[in-house]
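**Student:** Let me begin by handing over the structure; questions about it come next.
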Amino acid sequence: MLTRQASRLALQAGRRSFGALPASTASYPDYVLNAPETSVTTLDGGLRVASETTIGSETATVGVFIDAGSRFETEQNNGAAHFLEHMAFKGTTNRTQQQLEVEIENMGGHLNAYTSREQTVYFAKVFKKDVPKAVEILGDILLDSKLDEAAIDRERDVILREMEEVNKNQEELILDHLHETAFQGTGLGRTILGPESNIRSLTRSDLKNYIDTHYVAPKMVIAGAGAIDHGELCNVVGDVFGSRVKGGSAVDFPMEPAIFTGSDKRVRFDSDDKAHIALAFEGAGWTSEYTFPLMVMQSILGSWDRTSGSGRNIASKFGQEVAEHELAHSFMTFNTAYKDTGLFGIYAVAPDNKLEDLMWYMTSNLVRIVHKTTDEEVSRAKTQLKANMLMTLDGHANVAEDIGRQLLTYGRRLSLAETFARIDAITADDVKATAAKVVNDQDHALAAIGPIHGLPDYNWIRRRSYWLRA
Amino acid sequence: MLSITRLGSALGSRVATVTASSFQSSRRCFSRKTGNELIYPNRTSSPQITEHSVNAGSTRETHREKGDMLPPPSTSVSLPAITLEPLFKIDHKGNNELTEVQITDVDGIKVGSLEKSGGMSTIGVCVGAGSKWEGEGTRGINQAMELMCLKGNQEMGSTEIVERLDSLGSQIFALSSRDNYTMSVDCLRDNLDPAFKLWKNCLLDGVYSDEEVEECKDIMGWINTEMMGQDRLKEGIMGAAYGSSPLGNTHFVGDERQVSQITGARIREWREKFFTRGNMFIGGAGIEHAKLVDLVGEHFKDVKEGGPVECAKSEYVGGEFRLQEQNSIDGLTRVAVAFEVGGWHDDDMVAICVLQTLLGGGDSFSAGGPGKGMYSRLYREVLNRCYWAEAAEAFIMLHNDAGIIGISGASVPSMSQNLTFQILEQFAKLSYQNVTDEELSRAKNMLRCNVLTQLESRQILAEDLVRQFQTYGERLDPAVICEKIDAVTKDDLRRIVQKGMSKPPSISCVGPDLDKCPLFEQIAHIRGKDDLL
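If you read the sequences in order, they're chains A and B. Counting in UniProt numbering, the final residue of the first sequence is number 470, and the numbers go up one at a time with none missing. Counting in UniProt numbering, the final residue of the second sequence is number 533, and the numbers go up one at a time with none missing.
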C-alpha cells in the first residue's frame with residue numbers, strides 16, 4: 001500500500017518535474033544543446049525527406065526506409081518482402097542487372113538493403129557528387145523493378161541457399177524460434193525469409209501486389225546523412241519519387257495487433273557441444289513510456305563473453321555471477337521493440353551441465369530488478385546508455401539509419417537534448433515499476449537449441465518470475 | 001595506415017562493438033518441417049522438438065495462493081510516452097565540422113588531435129611494441145597485455161576500474177599486433193578528465209597479479225582452441241613468409257610451454273622497456289587540442305625517457321605452412337598463396353592497396369549488394385566460374401619492414417589442388433598482362449570511397465591518426481591519400497607482381513585431408529623456378 005501511494009506521488013511529481021524541464025535544459029552541456037538539427041520535409045502525398053548535414057564531408061549515405069516487413073505479410077505471402085529485396089537488384093525497366101551492378105561498382109559506391117519484421121531499408125553509400133544519382137537508382141529499383149519471371153524462378157534456389165547459411169548461425173536461428181513461439185499465430189511470429197513452400201510458390205503478381213500495397217508515400221521516409229544539402233535532396237526525391245508513389249494517409253493501412261503467448265520451443269540435439277537459450281518477456285513498443293526504462297534495464301543486466309578478458313570484473317551482477325560460477329560461454333541482454341509490443345530478455349550460450357544453475361541466476365537477476373534496483377546502478381546504466389547512443393551515431397550510415405528508423409517509429413527525430421532528458425528523468429522506482437510490469441509474475445517465452453537435457457521445464461522457470469520473500 | 005589496412009585485415013579489427021539498444025533481426029527463415037536438414041544444417045541426427053504454450057493467466061491459479069507473493073512496486077512510471085509533440089523546444093546551433101590536425105610535442109611525447117562536433121571524444125595511443133619483438137620467455141606478452149588491459153593497479157582493483165568506466169560512460173579498447181600496440185578510450189566529453197586518468201592507469205600502471213595472469217592464460221588457451229581456420233591460415237602464412245625472422249612469430253600464442261613463461265614481472269619489465277616517451281604517440285578525435293595537451297602533460301609526467309627499440313630486420317624467405325585439422329567445422333580446406341611486396345614505408349604502398357581492391361573477392365555465398373566487389377577479378381574469374389570455390393579473397397599483410405600480398409581460398413579437400421592452381425594463375429596473369437582501364441578505375445573509386453567512408457567514424461579517425469604518426473611521423477590528409485590513389489598506373493601493378501614473383505611464394509594450408517593440397521616443390525615446378533624450402 002505504502003509503495004503504491006509513494007509511487008503515485010512520484011508519478012505526479014514526475015509529471016510535474018517533466019513539465020518544468022525546459023528551464024533546466026540550460027544545465028545540459030553545449031554539445032547536447034548544439035547538436036545539429038534534423039531537417040524534415042513532408043512532400044505532397046505524404047512522403048517524408050529527412051537529413052542531417054556534416055560540413056566538409058566527402059561522402060554521404062542516403063536510404064529509403066519503408067514501413068513494411070514480414071509482420072505485415074499473410075500466411076500466403078510470407079517471405080514476399082525479402083524476396084522483393086532480392087529481386088530489387090535483378091534489374092529494372094531502365095537497367096539490366098549487370099548495368100545496375102557495374103554502375104554502382106564503377107562509382108565506388110555501395111548499395112545494400114535489409115528486411116526486418118517491421119521495416120525494409122534500401123540504402124546507398126556514395127561520394128558527395130553521386131548523391132542525386134544514388135537517389136535516382138534507389139527510385140528505379142524500388143518503383144521500376146523488372147520482376148522478370150525467369151529471374152524470379154532462378155532466385156528461389158538462391159534464397160533457399162541463403163536460408164541454409166542463415167540457419168548455421170545459431171543466434172539468428174534461436175531468435176526466429178523465439179519470435180515464432182512468443183508471437184505464435186500473429187504476424188510477428190512469422191520469419192522474414194518465409195517458409196520453403198512460399199519461397200517456391202510466390203509469383204510475380206504476389207510481389208507486384210506487395211509493392212502496390214506497401215511502397216506508398218505515407219509509409220516511406222528518405223533519410224540522408226553526411227555531405228547532403230537538404231533542399232537539393234528534397235528536389236531530387238520529388239523528381240524521382242514524387243508522383244510515382246501512391247499517396248494516402250497513414251490510417252489507410254491498419255495493422256494486425258500482436259499477441260504475446262507464454263510458451264516455449266525446445267530443439268534438442270544431444271550431440272551439440274553448446275546449448276543456446278533465449279528467455280524473453282513481453283517488452284514495450286517503440287513509443288511506450290516504458291521504452292527508455294527498458295533500455296536502462298538492459299544496461300543493468302549487460303552482456304559478457306568469456307574470451308573478452310574482463311573475467312569476473314564486469315559491473316553487471318549477473319555477469320559477475322556467470323563468470324564466477326562458469327555458467328555460460330557468453331550472454332547478451334536484448335531489448336527489441338515493435339510498434340505495439342516488444343521482447344526483453346537474455347540470450348545465453350552455455351555448456352550442457354549447468355543449465356539449471358544458469359536459469360536460477362538468470363531469473364533471480366531479472367526479478368531482483370523489481371525489488372532491489374539501487375540508485376547507483378541506475379545512474380551507471382543511464383550514463384552507459386547515453387554513451388552507447390552517442391557511440392553508435394558514429395559515421396553517416398549509422399546517422400542516416402537512426403534518422404530513418406526514428407521517423408518510422410516515433411514519427412519524428414528526437415533531439416539529443418530530449419533523448420538525454422528522457423534518460424535522465426528515469427529513477428530507480430521507474431526501473432522497478434518497469435520490471436514489475438514486464439517480468440514480475442509474467443508468462444515468459446523461451447527458445448532453446450542444443451544439448452538441453454538439463455534445462456528446467458516451463459513451470460520451473462515460470463515459478464521463478466516472482467519472489468515470495470526478498 | 002589503418003584505414004587501408006582494414007581492407008586486407010591481417011588480424012582482424014577488434015574495436016569492440018557496442019551493444020545496440022534494440023536488436024534488429026533481418027533475413028531470417030524457419031520452416032515448420034521438422035527433421036529437415038535445411039533448417040538445421042551440419043547435423044546428422046534429427047532434433048527432438050517440443051513446444052509448449054500456456055494460456056495467459058492459467059498458471060497463476062494453479063501454483064500458489066494469491067497474496068503470498070512479495071508485493072511489487074507500482075507498475076506506473078513517471079515518464080510520458082513518446083508522442084509527435086516534442087517535450088520542449090530548443091534552438092539548434094550546431095553544425096558538424098572537422099578541423100585540421102594539430103600537433104604538439106609534450107616533453108618528448110608527440111600529441112596530435114582533431115576536433116569534430118559530437119558528444120564523444122576518442123583518445124588513443126600507439127606504442128612501438130608488438131609481437132615481433134617477442135622472444136624466448138616473452139612469447140605471448142603482447143596478447144596478454146591486450147587481454148589484461150583493464151586489470152588493477154596500485155590505486156584500484158580491476159572491478160573498480162570497470163565500475164568507474166561504466167559510470168563514466170566510457171569504453172577502453174586495446175589491440176596488439178606485430179608492429180605496435182594501440183589502446184584507446186572513448187568517452188563522453190564531460191567525463192574527459194577522469195576517463196583519461198583511468199585510461200592512463202590501465203596503460204601504464206597495471207600490477208598484473210599472479211591470479212590475473214593465470215586467468216589470462218586460460219583465456220589465451222580458449223582463444224587458441226576456438227580460433228577459426230581462416231585466422232590460423234593467416235598466422236601460418238606469416239611464418240611461411242618470414243621464417244625465423246621476427247615477423248614470422250605467431251601473434252596468438254597457444255603453446256602451453258610458452259604461455260607458462262608469462263609472469264607479471266616479465267610483463268612489467270616489457271612495459272618499462274617499450275612504453276617510453278619517445279616510443280609512443282598520443283592522438284585524439286573529437287577533442288580540443290589544448291585540452292589534450294594539458295591532460296597528457298599532467299598525467300604522463302612520470303613516463304621515462306626512451307625511444308624506439310631495435311628489432312632485427314625481417315627478411316622475406318618464402319616457405320610453407322601446413323596444418324592438418326581433421327575436425328574443421330565446415331569440412332573445407334583453406335589455402336593461401338602470397339608473394340613479397342613492400343611494407344608501410346614502401347613507395348608502392350598505395351598501389352598495393354589498389355591491387356588488393358582490384359582483385360577483391362570474398363565468399364561464394366555472401367550477403368551484400370553492388371559495391372562489395374562483385375565485379376572484382378576474383379569474383380568474376382574464380383568464384384563465378386568455379387562452382388566448387390567456396391571462397392577466394394585477396395589480402396595484404398603490411399608491416400613496417402615488409403609486406404605480403406596474397407590470395408586465400410577455400411574448397412572441399414578434393415578440389416584444393418584446383419584451387420591452388422587458380423590462385424597461381426591469377427598471380428601469373430597479373431605479371432604478364434596489364435589490368436584493364438575499367439578495372440583500375442573501378443578499384444580506385446572503391447578504395448577511395450572505402451577510405452573516406454571509414455574516416456567518417458571518430459573512433460577510426462583517432463586510431464588512424466596515432467598509427468600514421470607512429471609509422472610515418474606524420475598524418476596524411478585524406479585528400480592527399482586520394483591523390484596518391486589516383487596516381488597509380490597499370491604498369492605499377494604489373495611491376496609489383498613481377499617483382500614479388502621473382503622470389504619464392506609463401507604457402508599456407510589449413511584443413512582436413514591436406515594430402516590433396518599440392519606441395520611446395522610441385523608449386524615451384526609449375527612456376528618453372530628453383531624455389532627451395
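Note that the Cβ used here is the ideal one computed from N, Cα and C, for glycine as well. If you're wondering where the values come from, they're calculated on a predicted model, not measured in any experiment.
#1: Would you say the beta carbon of T74 (chain A) comes nearer than 6 angstroms to a heavy atom of the ligand MG?
#2: Compare the Cα-Cα distances from T74 (chain A) to each of A:K90, A:Y210 and A:G231 and report the closest residue.
#3: Put H396 (chain A) into one of helix, strand or coil per three-state DSSP.
#4: How should R48 (chain A) be labelled, buried or exposed, when 16 other C-beta atoms within 10 angstroms of its C-beta is the threshold for buried?
#5: For E320 (chain B) and S431 (chain B), I'd like the C-alpha separation in whole angstroms.
#6: Give the range of the alpha helix (DSSP H) segment to which Y472 (chain B) is assigned.
#7: Quick check: R380 (chain A) and S46 (chain B), are their CB atoms within less than 7 angstroms of each other?
#8: When the Cβ atoms of the segment 103-115 of chain B are set against those of the segment 438-449 of chain B, are three or more pairs found closer than 8 angstroms?
#9: Spatial neighbours of L455 (chain B) within its chain, please: C-beta separation below 8 angstroms, excluding the five flanking residues on both sides.
#10: Quick one: does S26 (chain B) have its CB under 7 angstroms from some CB of chain A?
#11: With a CB to CB cut of under 7 angstroms and the five nearest residues on each side skipped, what residues in its chain are close to G511 (chain B)?
#12: Could you spell out where the beta strand (DSSP E) holding residue 549 (chain B) opens and where it closes?
#13: By Cβ distance below 6 angstroms, which residues in the same chain neighbour I277 (chain A) in space, the five residues on each side in sequence not counted?
#14: Can you give me the C-alpha to C-alpha distance between K234 (chain B) and S364 (chain A), rounded to a whole angstrom?
#15: Quick check on this structure: which residue in B:R178, B:G135, B:L247 and B:I407 has the alpha carbon closest to the alpha carbon of V127 (chain B)?
#16: What does the Cβ neighbour count give for L468 (chain A), buried or exposed, with the cut at 16 atoms within 10 Å?
#17: What residue does the beta strand (DSSP E) around K125 (chain A) start on, and which one ends it?
#18: Checking the sheet assignment: what are the DSSP bridge partners for G112 (chain B)?
#19: Could you tell me whether the Cβ of G46 (chain A) comes closer than 7 angstroms to any Cβ of chain B?
#20: Just confirm the distance between the C-beta atoms of S121 (chain B) and C187 (chain B), as a whole number of angstroms; I'd bet it's less than 8 angstroms.
#21: Report yes if the CB atom of L114 (chain B) is closer than 7 angstroms to the CB atom of T99 (chain B), and no otherwise.
#22: Could you tell me whether the segment 137-155 of chain B touches the segment 354-369 of chain A, where touching means 3 or more Cβ pairs closer than 8 angstroms?
#23: Against chain A, with Cβ distances strictly below 7 angstroms, would H52 (chain B) count as a contact?
#24: If you reduce the DSSP assignment to three classes, tell me which class M228 (chain B) lands in.
#25: In three-state DSSP terms, what is H329 (chain A)?
#26: Can you give me the Cβ contacts of Q426 (chain B) inside the same chain, cut-off strictly under 8 angstroms, excluding the 5 residues immediately before and after it?
#27: Using only CA atoms, which one of A:T333, A:F89 and A:G185 lies nearest to I141 (chain A)?
#28: What does a CB cutoff of less than 6 angstroms around A355 (chain B) pick up in its chain, not counting 5 residues either side in sequence?
#29: Starting from M120 (chain B), trace the beta strand (DSSP E) both ways and give me its first and last residue.
#30: Name, please, each residue of chain B whose Cβ falls closer than 9 angstroms to the Cβ of E105 (chain A).
#31: Helix, strand or coil for W388 (chain B)? Go by DSSP, reduced to three states.
#32: Name the chain B residues that come within less than 8 angstroms of D430 (chain A), Cβ to Cβ?
#33: For residue 541 (chain B), which three-state DSSP category applies?
#34: Which runs of the alpha helix (DSSP H) at least 4 residues long sit entirely within the segment 318-388 of chain A? Give them in chain order.
#35: Quick check on W460 (chain A): buried or exposed, where buried means 16 or more other Cβ atoms within 10 Å of its Cβ?
#36: How far does the alpha helix (DSSP H) with I39 (chain B) in it extend, from its first residue to its last?
**Tutor:** Taking the definition as stated:
#1: The model on display carries no ligand, and the ligand MG is accordingly not part of it.
#2: As a first step, residue 74 (chain A) must be located in the first sequence, where it is residue number 74. The option with the nearest alpha carbon to T74 (chain A) is A:Y210.
#3: By 1-based counting over the first sequence, the position of residue 396 (chain A) is 396. Note: H396 (chain A) maps to helix in three-state DSSP.
#4: Within the first sequence, numbered from 1, the residue matching residue 48 (chain A) stands at position 48. With 16 or more Cβ atoms within 10 Å of its Cβ, R48 (chain A) is classed as buried.
#5: Sequence index remark: in the second sequence, residue 320 (chain B) carries index 320 (1-based). Sequence index remark: in the second sequence, residue 431 (chain B) carries index 431 (1-based). Computed Cα separation, rounded: 22 angstroms.
#6: What you label residue 472 (chain B) is simply residue 472 of the second sequence in a count that begins at 1. Here the alpha helix (DSSP H) through Y472 (chain B) covers R458 to Y472.
#7: By 1-based counting over the first sequence, the position of residue 380 (chain A) is 380. By 1-based counting over the second sequence, the position of residue 46 (chain B) is 46. Not closer than 7 angstroms, so no.
#8: no
#9: Counted from its first residue, the second sequence places residue 455 (chain B) at position 455. These residues qualify, in order along the chain: S3, L461, D464 and P478.
#10: Here residue 26 (chain B) refers to the residue found at position 26 of the second sequence. The predicted model places S26 (chain B) with a pLDDT of 35, which falls under 50 and marks its position as unreliable; any figure quoted below should be read in that light. Yes, S26 (chain B) counts as interfacial toward chain A.
#11: On the second sequence, residue 511 (chain B) is found 511 positions in, with the first residue counted as 1. Excluding positions up to five away in sequence, the list reads G229, E325, S328, L332, T333, R334 and P413.
#12: This structure cannot settle anything about residue 549 (chain B), because the visible part of chain B is limited to 1 through 533.
#13: As a first step, residue 277 (chain A) must be located in the first sequence, where it is residue number 277. Excluding positions up to five away in sequence, the list reads A348 and A448.
#14: As a working note, residue 234 (chain B) is residue 234 in the second sequence. As a working note, residue 364 (chain A) is residue 364 in the first sequence. K234 (chain B) and S364 (chain A): Cα-Cα distance of roughly 44 angstroms.
#15: By one-based count along the second sequence, residue 127 (chain B) stands at place 127. Of the candidates B:R178, B:G135, B:L247 and B:I407, the one whose C-alpha sits nearest the C-alpha of V127 (chain B) is B:R178.
#16: By 1-based counting over the first sequence, the position of residue 468 (chain A) is 468. Exposed: under 16 other Cβ atoms inside 10 Å.
#17: By one-based count along the first sequence, residue 125 (chain A) stands at place 125. Its beta strand (DSSP E) spans residues T120 to F127.
#18: For the purposes of this step, residue 112 (chain B) is taken as residue 112 along the second sequence, with counting starting at 1. DSSP lists B:I103 and B:G283 as partners of G112 (chain B).
#19: Stepping through the first sequence from its first residue, residue 46 (chain A) is reached at position 46. Taking Cβ atoms only, chain B never reaches closer than 7 angstroms to G46 (chain A), which makes this a no.
#20: Counting from one through the second sequence, the residue named residue 121 (chain B) turns up at place 121. Counting from one through the second sequence, the residue named residue 187 (chain B) turns up at place 187. About 6 angstroms separates the two Cβ atoms, so the contact holds.
#21: Position 114 of the second sequence holds residue 114 (chain B). Position 99 of the second sequence holds residue 99 (chain B). Yes.
#22: no
#23: As a first step, residue 52 (chain B) must be located in the second sequence, where it is residue number 52. H52 (chain B) counts as touching chain A.
#24: Looking up residue 228 (chain B) in the second sequence gives position 228. If DSSP states are grouped into helix, strand and coil, M228 (chain B) belongs with coil.
#25: Taking the first residue of the first sequence as position 1, residue 329 (chain A) is located at position 329. DSSP places H329 (chain A) in coil when its eight states are reduced to three.
#26: Residue mapping note: residue 426 (chain B) aligns to position 426 of the second sequence, counting from 1. The answer, listed in chain order, is L359, R377, L378, E381, V382 and I407.
#27: On the first sequence, position 141 is the one that residue 141 (chain A) refers to. The option with the nearest alpha carbon to I141 (chain A) is A:F89.
#28: For this step, residue 355 (chain B) is matched to residue 355 along the second sequence. Here the sequence assigns Leu to residue 355 (chain B), which means Ala is not the residue at that position. Result list for L355 (chain B): L493, in chain order.
#29: Against the second sequence, residue 120 (chain B) aligns to sequence position 120. Its beta strand (DSSP E) spans residues M120 to V127.
#30: Taking the first sequence and counting its residues from 1, the one referred to as residue 105 (chain A) is at position 105. In chain order: P370, G371, K372, G373, M374, Y375, S376, R442, N445 and M446.
#31: On the second sequence, position 388 is the one that residue 388 (chain B) refers to. W388 (chain B) falls in the coil class under three-state DSSP.
#32: Sequence index remark: in the first sequence, residue 430 (chain A) carries index 430 (1-based). What D430 (chain A) touches in chain B: V77, S78 and L79.
#33: No statement about residue 541 (chain B) is possible, as the shown extent of chain B runs from 1 to 533 and does not include it.
#34: 355-372
#35: For the purposes of this step, residue 460 (chain A) is taken as residue 460 along the first sequence, with counting starting at 1. The residue in question, W460 (chain A), is exposed, as its Cβ has fewer than 16 Cβ neighbours within 10 Å.
#36: In the second sequence, residue 39 (chain B) corresponds to position 39, counting from 1. Careful: I39 (chain B) lies outside any alpha helix (DSSP H) and carries neither H nor E.
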